[in-house]
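A.B. asks:
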Amino acid sequence: MDELIKDLLANKYLITPPAYFVLSEHYKKEFALAELIKFTKQKFNTFIIDDNVAKAFLEYKGLLRVGVEKYVQTSTETMKEKFPKEIGTAETHEKESFFLAQTIEKPTLKEYSGKSREDIGHIVESRGEGEVYTEEIGTSISTGNTEILESLEGFDNELKGEYVGNLGGTSSISTGTVEEGVEYNGEEVEVKRQVVEEYGALVPLEEEEIPEEIKEKKYSVYRDFKVTLKEDFEPIAKEIKPEFEIKFDVRKVKMKRPKAKNANGKEGEIIIRSYENLFRSRLRKLRKILRENPEIRGVVDIGKLGYINSDGEITIIGLVNSKRETAKGFIFEVEDTTGVTKVFIGKDSEDYKKAYDVLLDSVVAFKGYYSKRGILFANHLYLPDVPLYKREKPPLEEKVYAVLISDIHVGSTEFCEKAFMKFIEWLNGNVGSKEEEEIVSRIKYMIIAGDVVDGIGIYPGQYNELNIPDIFDQYEALANLLSNVPEHIQMFIGPGNHDAARTALPQPEFYKEYAKPLYDLKNAIIISNPALINLHGRDFLIVHGRGIEDVVGNVPGVTHHKPAMPMVELLKLRHLAPTFGGKVPIAPDPEDLLVIEEVPDLVQMGHVHVLDYQVYRGVFLINSATWQAQTEFQKMVNIVPTPARVPIIDIETARLKTIVDFTKWC
Ligand code: D5M
Ligand code: FE
Ligand code: ZN
Numbered sequence: 062m063d064e065l066i067k068d069l070l071a072n073k074y075l076i077t078p079p080a081y082f083v084l085s086e087h088y089k090k091e092f093a094l095a096e097l098i099k100f101t102k103q104k105f106n107t108f109i110i111d112d113n114v115a116k117a118f119l120e121y122k123g124l125l126r127v128g129v130e131k132y133v134q135t136s137t138e139t140m141k142e143k144f145p146k147e148i149g150t151a152e153t154h155e156k157e158s159f160f161l162a163q164t165i166e167k168p169t170l171k172e173y174s175g176k177s178r179e180d181i182g183h184i185v186e187s188r189g190e191g192e193v194y195t196e197e198i199g200t201s202i203s204t205g206n207t208e209i210l211e212s213l214e215g216f217d218n219e220l221k222g223e224y225v226g227n228l229g230g231t232s233s234i235s236t237g238t239v240e241e242g243v244e245y246n247g248e249e250v251e252v253k254r255q256v257v258e259e260y261g262a263l264v265p266l267e268e269e270e271i272p273e274e275i276k277e278k279k280y281s282v283y284r285d286f287k288v289t290l291k292e293d294f295e296p297i298a299k300e301i302k303p304e305f306e307i308k309f310d311v312r313k314v315k316m317k318r319p320k321a322k323n324a325n326g327k328e329g330e331i332i333i334r335s336y337e338n339l340f341r342s343r344l345r346k347l348r349k350i351l352r353e354n355p356e357i358r359g360v361v362d363i364g365k366l367g368y369i370n371s372d373g374e375i376t377i378i379g380l381v382n383s384k385r386e387t388a389k390g391f392i393f394e395v396e397d398t399t400g401v402t403k404v405f406i407g408k409d410s411e412d413y414k415k416a417y418d419v420l421l422d423s424v425v426a427f428k429g430y431y432s433k434r435g436i437l438f439a440n441h442l443y444l445p446d447v448p449l450y451k452r453e454k455p456p457l458e459e460k461v462y463a464v465l466i467s468d469i470h471v472g473s474t475e476f477c478e479k480a481f482m483k484f485i486e487w488l489n490g491n492v493g494s495k496e497e498e499e500i501v502s503r504i505k506y507m508i509i510a511g512d513v514v515d516g517i518g519i520y521p522g523q524y525n526e527l528n529i530p531d532i533f534d535q536y537e538a539l540a541n542l543l544s545n546v547p548e549h550i551q552m553f554i555g556p557g558n559h560d561a562a563r564t565a566l567p568q569p570e571f572y573k574e575y576a577k578p579l580y581d582l583k584n585a586i587i588i589s590n591p592a593l594i595n596l597h598g599r600d601f602l603i604v605h606g607r608g609i610e611d612v613v614g615n616v617p618g619v620t621h622h623k624p625a626m627p628m629v630e631l632l633k634l635r636h637l638a639p640t641f642g643g644k645v646p647i648a649p650d651p652e653d654l655l656v657i658e659e660v661p662d663l664v665q666m667g668h669v670h671v672l673d674y675q676v677y678r679g680v681f682l683i684n685s686a687t688w689q690a691q692t693e694f695q696k697m698v699n700i701v702p703t704p705a706r707v708p709i710i711d712i713e714t715a716r717l718k719t720i721v722d723f724t725k726w727c
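Take the position in the sequence shown, starting the count at 1, then add 61; the result is the number in our numbering.
1. Going by the CB atoms, is the gap between Trp688 and Phe476 shorter than 9 Å?
2. Is the beta carbon of Val629 sitting closer than 9 Å to the one on Leu420?
3. Which same chain residues, not among the five before or five after Tyr430, have their C-beta less than 6 Å away from its C-beta?
4. Can Glu396 and Gly379 be called in contact, C-beta distance under 9 Å?
5. Compute the Euclidean distance between the alpha carbons of Lys279 and Ser473, then round it to the nearest angstrom.
6. Helix, strand or coil, according to DSSP, for Leu682 in the structure here?
7. Can you tell me whether Pro569 is buried or exposed? The criterion is at least 16 other CB atoms within 10 Å of its CB, across all chains shown.
8. Do you know offhand how far Ile392's Cα is from Trp726's?
9. Return the chain-ordered list of same chain residues with a C-beta closer than 6 Å to the C-beta of Asp412, the five sequence neighbours on each side being excluded.
10. Kindly indicate which three-state DSSP category His668 falls into: helix, strand or coil?
11. Taking C-beta to C-beta, are Glu548 and Pro578 nearer than 9 Å?
12. In the DSSP assignment, the alpha helix (DSSP H) including Ile609 goes from what residue to what residue?
13. Report the CB separation of Val360 from Ile377 in whole angstroms; it is logged as a contact under 8 Å.
14. Alpha carbon to alpha carbon, how far is Val546 from His605? Give it in angstroms, no decimals.
15. Taking Ala93 as the reference, which of Asp68, Val83, Ala117 and Leu449 has the closest Cα?
16. Any idea if Ser544 is buried or exposed, counting beta-carbon neighbours within 10 angstroms, 16 or more meaning buried?
17. Consult DSSP for His636 and reduce its assignment to one of helix, strand or coil.
18. Is it the case that the CB of Gly667 approaches a heavy atom of ligand 2 more closely than 8 Å?
19. For a test of the three-state rule: what should DSSP assign to Tyr280, helix, strand or coil?
20. What beta strand (DSSP E) runs, 3 residues minimum, are completely inside the stretch 523 to 602?
21. So the alpha helix (DSSP H) Pro79 belongs to, where does it begin and stop?
22. Take Phe105 and list the residues in its own chain whose beta-carbon comes closer than 7 Å to its own, dropping the five residues that flank it on each side.
23. What residue range does the alpha helix (DSSP H) around Arg318 cover?
24. Tell me, please, whether the stretch 454 to 465 touches the stretch 704 to 719 by the rule of three or more beta-carbon pairs shorter than 8 Å.
25. Using a Cβ-based criterion (distance less than 8 Å to any ligand heavy atom), does Gly608 qualify as near ligand 3?
26. For Tyr283, count neighbouring C-beta atoms within 10 Å of its own C-beta (all shown protein chains included) and say buried if the count is 16 or more, exposed if not.
27. Let me check you understand the geometry: is the CB of Gly472 closer than 8 Å to at least one non-hydrogen atom of ligand 3?
28. Please determine whether the Cβ atom of Ile509 lies at a distance below 8 Å from any heavy atom of ligand 1.
29. Can we count Thr620 as close to ligand 1, meaning its CB is less than 8 Å from some heavy atom?
30. Under 8 Å by Cβ, that's how I've got Phe723 and Lys495 pegged, so tell me the actual separation to the nearest angstrom.
31. Name the one or two DSSP bridge partners that Phe723 has.
32. Any residues whose CB sits closer than 5 Å to a heavy atom of ligand 2? List them in chain order?
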């Protein structure tokens, strides 16, 4: 295992792969363990070092090297100069400045650049090796970076002093590791690393060294597990004609990628243009949805706001670049392809509460009065949302059911294999009662929404929690289990973040070279993440659900303990993972395939490992939990899974029929 990871783990700190990638090369050469830990603790109050923390830390250490242009958000200071009355108090400013200064790599929609930017005070900043140069666009400047540096002054001095064990929190540093880190002796430490570029994201290929005892571990891939339909069990579903259609699959979408303008065109440029196209596509799709709302009329281009001579209310639709809560209301920066504007929505507005639902990079509409000072004072805020009318579907001739599962995590030491085997036996008619038999008998479909295996190298130190430390064997093991699902049950299987698939969303499929045994299953269809499946006329939107992470922590009161809530929030925004440059990586596809274009009858997600469901405006949202008991990592981040509970869906109503509980074997 790499030193940095090992040392962090020894101190009960975790690091995400992207953060590891940017930090490891500097470790012990340019920074010591204690510095990183103290910074993480004090500035972010967390023990998980993710790319945000890593970026801020490198910035603070003056080690940040960036290849592409960065767009830095306007600081509160600038806002205060421009709008001294309306905005922000000194306290909010101080609290926010650190976060405001986080750079965002999202490109603007460009078309208007050079026209109306002056009003906004955007800063485009690029850095070469060691030096910083700032290019001013428009009149107002403030990168926010100086503020970071100021606020961190003194911090550095503290670190220079001798470092003593306790950080003042619950975790303590083992002295040995720390001393090693502080007393770096200047020796060249060779870091061997192979790198591939997957859509511009650098991925370290170097494998973690497998500890000897794990290499030698004997494990089963369930070759001997064989179940057949119970004698005398004649499932009704065998006679029910299958009626399904994959209405949307990422792989079916043909996308035209932008081309380099000439032979000197760089891949980086193409990626940035792809992202530009992605956001245009997002804006176009969500604008269409918003315009179906009869209250949204007479939409004005943001670039034309300055020319409109209207005393009446006007409406704009745009991407949300930034959002801040102040004492008097929310201030947004909103952008469309023609320009950017500030929007203020005051606490007295009836739509004020909706502002909490707005995530960065989502698309919303505002209605209000445009002030010549360059700000839209909004009275109304509209989310794309779901219409209130009922979607009537013709009744079905016969009751037919679907089983929804996700996050099986085969290969993990916490995979509840016994419970999963019991479940498969249950599908084969080994039931406890007549009632159960009636249900099993009508199960015609099984949908699996990602994280089907635990994967390899998904989080630091994962080897200690793997039974099957081989990705091929993990998929074989899963296929061996699923080969016992009765043939009349049609399976649909999609990838999640633990699977051998593209990490960035959307995920087209499992890589065939790893997951071949799944592709070979007779009664399984591999789907993308996301995918839309129509079963007997009902639309089921199937998503692994990393987008939940965008919502949790950003919308007040929404937690991962009740995942149906963040799922509703995503549905209101009609997007599966809105925030760019946050926790969830988004691929630079020129079309945004994460927009929920059609309102489905049911949305299934997994990822958070907690069973939960809710009806929102006629749509049934359900999180299908997991087959993995609590891991060490989850213990640390307080995730309490509800494993081995299986929701059965009545397809006719697209609602829950029942939950079957296999917990006692887990
Ligand atoms: O996700 C299982 C659960 O763990 C889910 O609630 C998300 C959470 N999780 C996963 N990775 C992280 C990090 N890095 N920080 C905080 N919480 C995390 P799974 O995808 O199965 O690992
Ligand atoms: Fe999972
Ligand atoms: Zn997951």
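Virtual Cβ for every residue (Gly too), placed ideally from N, Cα, C.
Quick caveat: nothing in here was measured; it's all calculated off a predicted structure.
C.D. replies: According to the structure data:
1. Stepping through the sequence shown from its first residue, residue 476 is reached at position 415. Stepping through the sequence shown from its first residue, residue 688 is reached at position 627. In contact: Phe476 and Trp688 (Cβ atoms closer than 9 Å).
2. On the sequence shown, residue 629 is found 568 positions in, with the first residue counted as 1. On the sequence shown, residue 420 is found 359 positions in, with the first residue counted as 1. No, Cβ-Cβ distance for Val629 and Leu420 is not below 9 Å.
3. Taking the sequence shown and counting its residues from 1, the one referred to as residue 430 is at position 369. Answer for Tyr430: Phe438, listed in chain order.
4. Counted from its first residue, the sequence shown places residue 396 at position 335. Counted from its first residue, the sequence shown places residue 379 at position 318. In contact: Glu396 and Gly379 (Cβ atoms closer than 9 Å).
5. Position 218 of the sequence shown holds residue 279. Position 412 of the sequence shown holds residue 473. Each residue's Cα considered, the two are about 14 Å apart.
6. Along the sequence shown, read from residue 1 onward, the residue named residue 682 stands at position 621. DSSP places Leu682 in strand when its eight states are reduced to three.
7. Residue mapping note: residue 569 aligns to position 508 of the sequence shown, counting from 1. With 16 or more Cβ atoms within 10 Å of its Cβ, Pro569 is classed as buried.
8. As a working note, residue 392 is residue 331 in the sequence shown. As a working note, residue 726 is residue 665 in the sequence shown. Those two C-alpha atoms are separated by around 52 Å.
9. Taking the first residue of the sequence shown as position 1, residue 412 is located at position 351. Same-chain partners within the cutoff: His441 and Leu442.
10. Here residue 668 refers to the residue found at position 607 when the sequence shown is read from its first residue. Residue state, collapsed to three classes: coil.
11. As a position in the sequence shown, residue 548 is number 487, starting the count at 1. As a position in the sequence shown, residue 578 is number 517, starting the count at 1. It is not a contact, given that the beta carbons lie outside the stated cut-off.
12. Position 548 of the sequence shown holds residue 609. That run of the alpha helix (DSSP H) goes Ile609 to Val612.
13. Looking up residue 360 in the sequence shown gives position 299. Looking up residue 377 in the sequence shown gives position 316. About 7 Å; that satisfies the 8 Å criterion.
14. Here residue 605 is taken as the residue at index 544 of the sequence shown, counted from 1. Here residue 546 is taken as the residue at index 485 of the sequence shown, counted from 1. Rounded to whole angstroms, His605 to Val546 spans 22 Å at the Cα level.
15. Taking the sequence shown and counting its residues from 1, the one referred to as residue 93 is at position 32. Per the Cα distances, Asp68.
16. Residue numbering aside, residue 544 sits at position 483 when the sequence shown is read from its first letter. Buried, because 16 or more other Cβ atoms sit within 10 Å of the Cβ of Ser544.
17. For the purposes of this step, residue 636 is identified with residue 575 of the sequence shown, where counting begins at 1. Residue state, collapsed to three classes: strand.
18. For the purposes of this step, residue 667 is taken as residue 606 along the sequence shown, with counting starting at 1. Under cutoff, so the answer is yes.
19. Residue numbering aside, residue 280 sits at position 219 when the sequence shown is read from its first letter. DSSP places Tyr280 in coil when its eight states are reduced to three.
20. 551 to 555, 585 to 587 and 592 to 596
21. Here residue 79 is taken as the residue at index 18 of the sequence shown, counted from 1. Residues Pro78 to Leu84.
22. Translated into positions along the sequence shown, residue 105 becomes position 44. So the qualifying residues of the chain are Val114.
23. Position 257 of the sequence shown, counting from 1, holds the residue named residue 318. Premise fails: Arg318 is in no alpha helix (DSSP H) and is neither H nor E.
24. yes
25. The residue given as residue 608 occupies position 547 in the sequence shown. Incorrect: Gly608 has no Cβ contact closer than 8 Å to ligand 3.
26. Translated into the one-based positions of the sequence shown, residue 283 becomes position 222. With 16 or more other Cβ atoms within 10 Å, it is buried.
27. Position 411 of the sequence shown, counted from the first residue, corresponds to residue 472. Gly472: no, Cβ never under 8 Å from ligand 3.
28. Position 448 of the sequence shown holds residue 509. No, since every heavy atom of ligand 1 falls outside the 8 Å radius drawn around the Cβ of Ile509.
29. Looking up residue 620 in the sequence shown gives position 559. No, since every heavy atom of ligand 1 falls outside the 8 Å radius drawn around the Cβ of Thr620.
30. Along the sequence shown, one-based indexing puts residue 723 at 662. Along the sequence shown, one-based indexing puts residue 495 at 434. About 19 Å; that fails the 8 Å criterion.
31. By one-based count along the sequence shown, residue 723 stands at place 662. In DSSP, Phe723 forms no bridge with anything.
32. Asp468 and Asp512
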